[in-house]
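Let me begin by presenting the structure, written as structure tokens, before commenting on it.
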Amino acid sequence: MTLRAQMFAVAGMIGLCLGLIRGQTVLSLLSLSSLLWILSEWILFYWHVRLQLPLLKPTRLINGNLEANRSLWADRTIEVRVQMANTKRLLGVTVDLHDIVPENLQLVTADLTTAGRAIPTGPSKSWIIRNFRSFFDDGDKDTFNQKRLGLGSSQAEWGYSARVRAAGQVVFPGFRSTLQSTHGLFRMETFIKCEQSFRALPSFVDAGEYRSLTKKSSVIPRHGVHRLLRSGMGSELLELREYMPGDPFKSIAWKVSAKRDQWMTRQYESEVPARVQLIVDGSSTTRVGGFGFRLLDQMTFVAASVARMATKAGDPVGGVLFDEHTLQRLPPMAGEKGFQIFLRALGDFSVNPSPPPSQLSQRMLDAAWGLLSQRFPELLDFKVNQFPFFLFPILPYSRAQRRQRFLIAGALSEIYRLSVRDQVAMIHDDLTLARRIQELLNHSGIPWIAPVIAPTETRDREPIRRMKQLADCILASVGHARDNEVYVVMSDLLNCVSILEFLLPAVKLAVAKHHRVSFVCPTTTFRRPSRNVVSNSSGNWSADDLLLVAEQARLQIQTEQLQRELHRCGASLSLSGEQNAIRLIMAELDAARTGRSKYKGALR
Amino acid sequence: MSTTDNAQAVQQKTLRHFGGLLQLLAIGLSFELLLGISDGIGMMLRFFLLAVVISCVAFRLGWLSLAALQISLLIQEPRRQQFDQAPSGLYFALVAMFAVVAAMKLPHTHRFVTDYLLKLFNMGPYRDKSTYGTQRLAISALHMTVVTILSLFLLTKLPIRRQSEIWLRWSLENGQAVWPGALLLSLMIAALVVVREIAWRQLDRSQASLYLRSVQMIANYRDLYRFERQRRVQLRNVQSSSQQSTTVVASRTKIRRRKGHFSANATSAKRL
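Structure representation (structure tokens):
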């Protein structure tokens, strides 16, 4: 029963009582008519709902396909189309269908041909303006992912476009439907399950500059001709190019250099493939933030791009994906199939695991309440979710909060099939309830931002353990390695400069084994640190500018320290997951193939 | 979009806005007539009341319109000892109910009328919903009429007024029940039982499971709460004891260090 119906009922009751007491016929008649009208509307509404709720069976097509368990790509737009059958039989009720868009999707546009009229979400106007606008408007309330189906709705299909924000998982849970009587006196909210789950693969750049140094005609040697099984240069000349620092002296083309009066180098065909080992650190600090803004998203982008370019050049790509709880080793694989396997592994790795425990807050409770009332409204009904009477607290606000807590605990225990004792534990123990709420929010695809994880919990709790884990990964990879490998370590190292001594021995060992180690360190600002980030000649600095400059200055100091330490061990470093990082790794691969001793210009 | 389409769109918009204002004014005036405020009051007050009524209608506050009509009737309608069965009362109630519902559904009414006018003046494409609008209007009108006639019937036949003595005499003369309260009560209880049964049978599996769980929790709540409290106390004790042991170890280490420091000092002193 809506507020409107309640006000009508109150007005009718008062009018009827006064009319009967004072003997005023028309007043009594009018008031009783209004009461009977509400009663009949109620009966009709529930009758219609009972009849028509089973008819609401929308289907969703993603990029024209009905079946789930397919793959989507991050940073690409998908077309969602919703079809609804039996709309002609909807009588007496207005149905608002709201396709719940997962957090990993960003709405782009509505399909204007079918969705009627798209209402852009502008700044909200005052109540007066909104009401007057709604009076003069056509009355269509269709937005991007929302559709109003009323009496005789001829359009039973609508669509919208959305962009996948990041790699991981995209789960469409279903539709939130609001059934309303024709005069808006009664309303009922239900959730229609229509779950479709997709794996979101990471995006990558396909830079065309990088090319293979292997002649296509010489890729498969003849019978009896064996490839060199050690690092170094091949035997067949590929091209001549300008000398670069680090090139071996024996490859200098003396005659050509003398003729051109410029140092020239012979470029040989590579006969030993340079294997790439991508070590991705997915610890909890890299997963904090909205989808597309996590450090992990930068790392998966770089990893996928490097893998793409390496597989195009014919180099095998392997990987180690690890976090606090899991470690997954991917053997070096070449070709398109190997690349697809690697992408799938990265996509699965990008799905957030259970978040670290956080303190219970009112914001967390509100988020859980909102989510439960959206997806499980039937479990928050007082009729089925009952709780014992309590006298204290007496204040209404505190009582409402306690009631909310009881209802949330009941709904959670039903969703996760917990025992009654666990339910009582959730009611009285903040930590237990917080854990369950975090689990619910995480399973519903909410990213690791407040209130899933408190801002104070985003810092690295055990950096030494992480460094040791990273070092173990490098050592294990070196143990499995053959030769001429390039290790690309992607980890958040900027805050770990003071504890690098746990990592550096492993790096030194890898370098001593003639492998190349390159670090990619993502930054939260998505940009390389520089002192001149804000060009402000007028001298009017805003607070944001100052904060950005301070953050960049701090990052630069840390970067210099990190670069110095890594450079000393013979490793290179690139900051931020941009093209520069990919170029640096490609240069390392190039150097590994050509046999150059060291790549100059470590920081990119 | 061509120039003709643009001109047509402008015409439609103008018609919609102008027609909307006219409709607001018409509904406001009809409410004014129903409320009976057109006579005997000053022009300023009349305009003020008209503005209030139009505002109520524009903001779709239908219950306020109903309350205004009720207050007007409360003030203006004469008291009677017997129920007035004159048709004027029925007509008034019918018109008032129509006006209230029209005020509630004003945007829909406005859309319906605009579409009808567009169709009438051939000013562009009109919606196919016009037929549905007519159908809905007819259903609403029928609904209102039935409800008002039923109310009249109930008010006339049920002994809920002062002249119940007349009804009592009539009932006794015709050999009927003294008062239909018992019958009404039993009917109401039966209806409640049926409605409740239907409501329970509509629960789905998760709701039924949750209901059983909550009943079990309420039944054993005190014991479960005690267990939970004990568990928390034990957990707190374990935590505090582990903290104490950590502190003891730390303090012992400090003492040892100090002892070592002292012994080192003593050794160096001896050497000296």
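Protein sequences, first through last, are from chains A and B. Counted the way numbering that gives the first Met the number 0 counts, the first sequence spans residues 0 to 603. Counted the way numbering that gives the first Met the number 0 counts, the second sequence spans residues 0 to 271. Even for Gly, the Cβ is constructed at its ideal location relative to N, Cα and C. On a predicted model such as this, the values are computed, not experimentally measured, just so you know.
Whole-Å CB distance - residue 489 (chain A) paired with residue 251 (chain A), under 8 Å assumed: Position 490 of the first sequence, counting from 1, holds the residue named residue 489 (chain A). Position 252 of the first sequence, counting from 1, holds the residue named residue 251 (chain A). With a contact defined as Cβ atoms closer than 8 Å, residue 489 (chain A) and residue 251 (chain A) miss out at about 36 Å.
Short CB-CB distance (under 9 Å) between residue 14 (chain A) and chain B: On the first sequence, residue 14 (chain A) is found 15 positions in, with the first residue counted as 1. Yes, because at least one Cβ of chain B sits closer than 9 Å to the Cβ of residue 14 (chain A).
Outcome for residue 391 (chain A) when other beta-carbon atoms lying within 10 angstroms are tallied against a minimum of 16: For the purposes of this step, residue 391 (chain A) is taken as residue 392 along the first sequence, with counting starting at 1. Exposed: under 16 other Cβ atoms inside 10 Å.
Positions along the segment 225-236 of chain B whose CB lies within less than 7 Å of some CB in chain A: So the list reads 226, 227 and 231, given in the order they occur along the chain.
Supposed contact pair residue 303 (chain A) and residue 329 (chain A) - C-beta distance, whole angstroms, cut 8 Å: Along the first sequence, read from residue 1 onward, the residue named residue 329 (chain A) stands at position 330. Along the first sequence, read from residue 1 onward, the residue named residue 303 (chain A) stands at position 304. Between residue 303 (chain A) and residue 329 (chain A) the Cβ distance is about 13 Å, and since that is not below 8 Å, they are no contact.
8 Å contact criterion, which residue 452 (chain A) and residue 354 (chain A) should meet: CB distance rounded: Taking the first residue of the first sequence as 1, we reach residue 452 (chain A) at position 453. Taking the first residue of the first sequence as 1, we reach residue 354 (chain A) at position 355. That belief holds up - the Cβ atoms of residue 452 (chain A) and residue 354 (chain A) are roughly 5 Å apart, short of 8 Å.
DSSP state of residue 274 (chain B) mapped onto helix, strand, coil: Missing from the structure shown is residue 274 (chain B); chain B here goes from 0 to 271 and no further.
Distance between residue 427 (chain A) and residue 285 (chain B) (C-alpha atoms, nearest Å): Because residue 285 (chain B) is not part of the residues shown, which for chain B are 0 to 271, the question remains open.
Same chain, Cβ closer than 6 Å to residue 291 (chain A), neighbours up to 5 away in sequence not counted: On the first sequence, residue 291 (chain A) is found 292 positions in, with the first residue counted as 1. Cβ neighbours of residue 291 (chain A) beyond the five flanking positions: 164 and 165.
Selection of the segment 417-439 of chain A by Cβ proximity to chain B, strictly under 7 Å: 419, 420, 422, 423, 424, 427 and 428
Boundaries (first-last residue) of the beta strand (DSSP E) holding residue 421 (chain A): The residue given as residue 421 (chain A) occupies position 422 in the first sequence. First-last for residue 421 (chain A): 419-427, but that is the alpha helix (DSSP H), not the beta strand (DSSP E).
Interface flag, residue 31 (chain A) vs chain B, CB-CB below 9 Å: Taking the first residue of the first sequence as position 1, residue 31 (chain A) is located at position 32. Closer than 9 Å: yes.
Same chain, Cβ closer than 6 Å to residue 266 (chain A), neighbours up to 5 away in sequence not counted: Here residue 266 (chain A) refers to the residue found at position 267 of the first sequence. These residues qualify, in order along the chain: 237, 238 and 240.
Short CB-CB distance (under 9 Å) between residue 139 (chain B) and chain A: What you label residue 139 (chain B) is simply residue 140 of the second sequence in a count that begins at 1. Residue 139 (chain B) counts as touching chain A.
C-beta atoms of residue 0 (chain A) and residue 10 (chain A) nearer than 9 Å: Here residue 0 (chain A) refers to the residue found at position 1 when the first sequence is read from its first residue. Here residue 10 (chain A) refers to the residue found at position 11 when the first sequence is read from its first residue. No, the Cβ-Cβ distance between residue 0 (chain A) and residue 10 (chain A) is not below 9 Å.
For residue 56 (chain A), the three-state DSSP class (helix, strand or coil): Residue numbering aside, residue 56 (chain A) sits at position 57 when the first sequence is read from its first letter. It is coil, neither helix nor strand.
Residue 97 (chain A) - partner residues in DSSP beta bridges: For the purposes of this step, residue 97 (chain A) is identified with residue 98 of the first sequence, where counting begins at 1. According to DSSP, which records beta bridges pairwise, residue 97 (chain A) is partnered with A:145 and A:175.
Stretch-stretch touch, CB-based, cutoff 8 Å, three pairs: the segment 384-403 of chain A with the segment 181-196 of chain B: no
Rounded separation between residue 416 (chain A) and residue 471 (chain A) - CA only: Here residue 416 (chain A) corresponds to residue number 417 of the first sequence, with the count starting at 1. Here residue 471 (chain A) corresponds to residue number 472 of the first sequence, with the count starting at 1. Each residue's Cα considered, the two are about 39 Å apart.
Whole-angstrom distance between residue 181 (chain A) and residue 111 (chain A), CA atom to CA atom: Working through the first sequence from its first residue, we reach residue 111 (chain A) at position 112. Working through the first sequence from its first residue, we reach residue 181 (chain A) at position 182. Residue confidence for residue 111 (chain A) is low, a pLDDT of 44 falling below 50, so the modelled location carries little weight; the figure read from the coordinates is stated next. Cα-Cα distance, rounded: 26 Å.
9 Å Cβ cut-off: residues of chain A touching residue 73 (chain B): Mapped onto the second sequence, residue 73 (chain B) falls at position 74. Near residue 73 (chain B) (Cβ distances below 9 Å), the residues of chain A are 14, 17, 18, 21, 23 and 26.
is_contact[residue 7 (chain A), chain B] using C-beta, thresh 9 Å: Stepping through the first sequence from its first residue, residue 7 (chain A) is reached at position 8. Judged by the 9 Å Cβ criterion, residue 7 (chain A) is in contact with chain B.
Helix, strand or coil at residue 62 (chain A) according to DSSP, with G and I counted as helix: Looking up residue 62 (chain A) in the first sequence gives position 63. Correct three-state label for residue 62 (chain A): coil.
Those runs of the alpha helix (DSSP H) which lie wholly inside the segment 474-507 of chain A and span at least 4 residues: none
Within 8 Å of chain B by C-beta, residues of the segment 381-401 of chain A in sequence order: 382, 383, 384, 385, 386 and 387
Candidates A:257, A:264 and A:260: closest to residue 244 (chain A) by CA position: In the first sequence, residue 244 (chain A) corresponds to position 245, counting from 1. In this structure, A:264 is the residue among A:257, A:264 and A:260 with its C-alpha nearest to the C-alpha of residue 244 (chain A).
Opening and closing residue of the beta strand (DSSP E) in which residue 338 (chain A) lies: For the purposes of this step, residue 338 (chain A) is taken as the residue at position 339 of the first sequence. Element bounds for residue 338 (chain A): not the beta strand (DSSP E) but the alpha helix (DSSP H), 334-348.
Any chain B beta carbon closer than 9 Å to residue 55 (chain A): Translated into the one-based positions of the first sequence, residue 55 (chain A) becomes position 56. So no, residue 55 (chain A) is outside the interface.
For residue 71 (chain A), three-class secondary structure by DSSP: If you number the first sequence from 1, residue 71 (chain A) lands on position 72. In this structure, residue 71 (chain A) counts as strand in the three-state DSSP scheme.
Neighbour flag for residue 187 (chain B) against chain A, beta carbons, 9 Å: For the purposes of this step, residue 187 (chain B) is identified with residue 188 of the second sequence, where counting begins at 1. By the rule that beta-carbons nearer than 9 Å mark a contact, residue 187 (chain B) does not touch chain A.
Reduced DSSP secondary structure (H/G/I, E/B, other) of residue 586 (chain A): The sequence position of residue 586 (chain A) within the first sequence is 587, counting from 1. DSSP places residue 586 (chain A) in helix when its eight states are reduced to three.
Residue closest to residue 295 (chain A), alpha-carbon to alpha-carbon, out of A:317, A:351, A:326 and A:248: Position 296 of the first sequence holds residue 295 (chain A). Of the candidates A:317, A:351, A:326 and A:248, the one whose C-alpha sits nearest the C-alpha of residue 295 (chain A) is A:351.
Burial state of residue 124 (chain A) (16 or more Cβ within 10 Å): Translated into positions along the first sequence, residue 124 (chain A) becomes position 125. Here the model assigns residue 124 (chain A) a pLDDT of 47, short of 50, so the residue's position is not dependable, and the following value carries that caveat. Flag for residue 124 (chain A) reads exposed.
Straight-line Cα distance separating residue 167 (chain A) from residue 83 (chain A): The residue labelled residue 83 (chain A) in the question sits at position 84 within the first sequence. The residue labelled residue 167 (chain A) in the question sits at position 168 within the first sequence. Answer to the nearest angstrom: the Cα atoms are 29 Å apart.
Partner residues on chain B for residue 367 (chain A), Cβ-Cβ distance less than 8 Å: Along the first sequence, one-based indexing puts residue 367 (chain A) at 368. Chain B residues near residue 367 (chain A): none, gap ~16 Å exceeds 8 Å.
C-alpha distance - residue 307 (chain A) paired with residue 336 (chain A), whole-angstrom precision: Numbered from 1 along the first sequence, position 308 holds the residue referred to as residue 307 (chain A). Numbered from 1 along the first sequence, position 337 holds the residue referred to as residue 336 (chain A). When rounded, the distance between both Cα atoms is 11 Å.
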